[in-house]
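Q: Input: one structure, supplied below.
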Amino acid sequence: MVGPRCSMRPRSDRSCGGVIKHDGQGRRRRARLSPSFILIMIVTMILIITITARFSHQQPMLSLSSSPSSSAQLYRQLIWLGRQNDDNGHYHYTDDDRVPGCVSRVYVACNWMPENESKTGSDRVQPRDRLLYTVRAEDSPLTRGLAKLLTSKLNGKTPEEVLAVDGEELVEHFGLAHSLTPQRTNGFVSMIRHMQRQADEKRRERQRLLRGRKKRLS
Numbered sequence: 003m004v005g006p007r008c009s010m011r012p013r014s015d016r017s018c019g020g021v022i023k024h025d026g027q028g029r030r031r032r033a034r035l036s037p038s039f040i041l042i043m044i045v046t047m048i049l050i051i052t053i054t055a056r057f058s059h060q061q062p063m064l065s066l067s068s069s070p071s072s073s074a075q076l077y078r079q080l081i082w083l084g085r086q087n088d089d090n091g092h093y094h095y096t097d098d099d100r101v102p103g104c105v106s107r108v109y110v111a112c113n114w115m116p117e118n119e120s121k122t123g124s125d126r127v128q129p130r131d132r133l134l135y136t137v138r139a140e141d142s143p144l145t146r147g148l149a150k151l152l153t154s155k156l157n158g159k160t161p162e163e164v165l166a167v168d169g170e171e172l173v174e175h176f177g178l179a180h181s182l183t184p185q186r187t188n189g190f191v192s193m194i195r196h197m198q199r200q201a202d203e204k205r206r207e208r209q210r211l212l213r214g215r216k217k218r219l220s
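Counting the sequence shown from 1 gives a position; our numbering is that position plus 2.
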């Protein structure tokens, strides 16, 4: 009886753009990748690098209505914000500007906003009635990001508007209570209270100036 013929010819199949050849003894050896497959891989890599570079340079906006989908995303946004350069390096911060209750060394200064930078609002509010906060926090980009997030909320407001801010509501509004550690959350609240104390001092300063002006005019 003659059994079925067994072909001893080498066979081949294709896998991942290359050719896998089998010799007569069942051993496998891989041939070189085809030029078309190499070209496709190169184009794909270029596209991935281009898209990644483009998105890495986009500015992740942290606005009052932002709702980061995860704690990791919030941390990335805050760190990015903390690494942005500002024009406050010339300002000399004092010990009175340091925020108490923060583990990191955070300084927040409060001044009247210059007339050319004041925001337009009610006609009853004069340009010099609005506040400008500047921040220095060298220890941690995350802490500096939290401070800048807060100044972006309070800059351009009057002392009365800053004093009316509810710190706990602001923490909930930004979603910080569920994303930050209790220690960092407490530090954020300490920054709010520090800035409100500064706003109250500016309010009292303005009242003294107005009283002095009235006395001179009377």
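Glycine is no exception: its CB is placed at the ideal position from the N, C-alpha and C atoms.
#1: Touch check for the region 135-149 and the region 100-118: three-plus C-beta pairs under 8 Å?
#2: Tell me Arg138's beta-bridge partners as DSSP assigns them.
#3: Could you say if the region 96-105 and the region 78-88 meet the contact criterion of at least three C-beta pairs nearer than 8 Å?
#4: With a cut-off of 8 Å on the beta carbons, I'd call Ala74 and Val108 a contact; round off their distance for me.
#5: Give the DSSP bridge partners of Trp225, in chain order.
#6: Could you give the distance in angstroms between the alpha-carbon of Thr145 and the alpha-carbon of Leu152?
#7: Roughly how many whole angstroms lie between the Cα atoms of Lys150 and Ile51?
#8: To the nearest angstrom, how far is the alpha carbon of Pro184 from that of Pro102?
#9: How is Arg85 classed by DSSP in three states: helix, strand or coil?
#10: Start and end of the alpha helix (DSSP H) containing Gln145?
#11: Return the first residue and the last residue of the alpha helix (DSSP H) that Ala201 is part of.
#12: Can the beta-carbon of Leu165 be found less than 8 Å from the beta-carbon of Asp202?
#13: Do Leu76 and Ser181 have their C-beta atoms within less than 8 Å of each other?
#14: Whole-angstrom Cβ separation of Ser192 and Ser142, contact assumed at under 8 Å?
#15: Can the beta-carbon of Gly2 be found closer than 8 Å to that of Gly189?
A: On the basis of the coordinates in this document:
#1: Contact between the region 135-149 and the region 100-118 is present, because at least three Cβ pairs lie under 8 Å.
#2: Looking at the DSSP assignment, Arg138 forms a beta bridge with Tyr109.
#3: Verdict: no, contact absent.
#4: At roughly 23 Å, the Cβ-Cβ gap does not stay under 8 Å, so Ala74 and Val108 are not in contact.
#5: Only positions 3 to 220 of the chain appear in this structure, which leaves residue 225 out of reach.
#6: Each residue's alpha carbon lies about 11 Å from the other.
#7: Each residue's alpha carbon lies about 31 Å from the other.
#8: 16 Å
#9: coil
#10: One detail in the question is off: residue 145 reads as Thr in this sequence, not Gln. It spans Pro143 to Leu156 - the alpha helix (DSSP H) in which Thr145 sits, taken as one unbroken run.
#11: Pro184 to Leu219
#12: Against a cut-off of 8 Å, the Cβ pair of Asp202 and Leu165 comes out as a contact.
#13: yes
#14: Not really, about 15 Å apart at Cβ, beyond 8 Å.
#15: The shown model of the chain, from 3 to 220, leaves out residue 2, and the question about it has no answer.
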